[in-house]
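Student: Below: one structure in structure tokens.
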Amino acid sequence: MKRTHGEGNRSHESYESHRSNRTNSTHRTNDPPPLIGPHGGYRRLKSYQTAEIVHDATVAFVARFIDRHSRTTDQMVQAARSGKQNIAEASQASATSKKTELKLTSVARASLEELLLDYEDFLRQQNLPLWPKDHPQALAIRKLAYASNRSYQSHSATLRASSIGPM
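Each residue of the sequence shown is one higher than the one before, starting from 1 at the first, in full-length UniProt numbering.
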């Protein structure tokens, strides 16, 4: 059977059509999402940046106010570190498993809650006040979360220059 010029190119035309659809698929809205979605980039997350500041501040706090051989020192630093690390790991895991991402985020929250309780215990045991959310000094510290330069160094410098006192 002899092929005419048009008959032999059908599979080539189908291939070209498929290929152009595939290369232009980023412009189509009904394509399925990519197999592995965006992930990582945790250093840009406000939650990670805040957890990093909390970790650095906790290290400075325990060095200044708690006996370095105390188990409390280890527990507080580890809780702060765990909060930060689990946020990073959750961000990395987000591409392949939303379930793992949620579990790690939950672990991070639990670690930071444990750290909060340690700080509250310290205040109570030292007979120091726990500021309510609307206390002027608490508001001044909470305002730091919205600063453009988000680091422990910038926050500690701001606190030293204010009426709140150094950390």
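Don't be surprised by glycine CBs; every beta carbon is placed ideally from N, CA and C.
Using alpha carbons as the reference points, say which of Ala88, Ser82, Leu102, Lys143 lies closest to Glu114.
Tutor: Closest option to Glu114, Cα to Cα, is Ser82.
Student: Give me the Cα-Cα distance between Met137 and Asn127, rounded to the nearest whole angstrom.
Tutor: Correcting the residue identity first, residue 137 is Gln in this sequence and not Met. Distance between the alpha carbons of Gln137 and Asn127: 18 angstroms.
Student: Which two residues bound the contiguous alpha helix (DSSP H) that contains Tyr119?
Tutor: Residues 98-125.
Student: Would you mind reading off the limits of the alpha helix (DSSP H) that contains Lys46?
Tutor: First-last of the alpha helix (DSSP H) with Lys46: 46-65.
Student: So, helix, strand or coil for residue 207, using DSSP?
Tutor: Since the first and last residues shown for the chain are 1 and 167, residue 207 lies out of range.
Student: So the candidates are Arg64, Met76, Thr50; which of them puts its Cα closest to the Cα of Ala88?
Tutor: Of the listed residues, the one whose Cα sits closest to Ala88 is Thr50.
Student: How is Leu139 classed by DSSP in three states: helix, strand or coil?
Tutor: Helix at Leu139.
Student: Helix, strand or coil for Ser148? Go by DSSP, reduced to three states.
Tutor: Coil.
Student: I need the DSSP call for Ser70, collapsed to helix, strand or coil.
Tutor: It is coil, neither helix nor strand.
Student: Whose C-beta lies closer than 8 angstroms to the C-beta of Asp67 among residues of the same chain, with five residues either side of it excluded?
Tutor: The residues are Thr73.
Student: What would DSSP say about Lys84, mapped onto helix, strand or coil?
Tutor: Of the three classes helix, strand and coil, the one that applies to Lys84 here is helix, per DSSP.
Student: What's the call for His135, buried or exposed, on a 16-neighbour Cβ count within 10 Å?
Tutor: Burial call: exposed.
Student: Using a Cβ-Cβ cutoff of less than 8 angstroms, which residues in the same chain neighbour Val54 once the five nearest sequence positions on both sides are dropped?
Tutor: Here the set comprises Ala80, Gly83, Lys84, Leu112, Leu115.
Student: Among the candidates Pro129, Asn30, Gly41, whose CA atom is the shortest distance from the CA of Ser94?
Tutor: It is Gly41.
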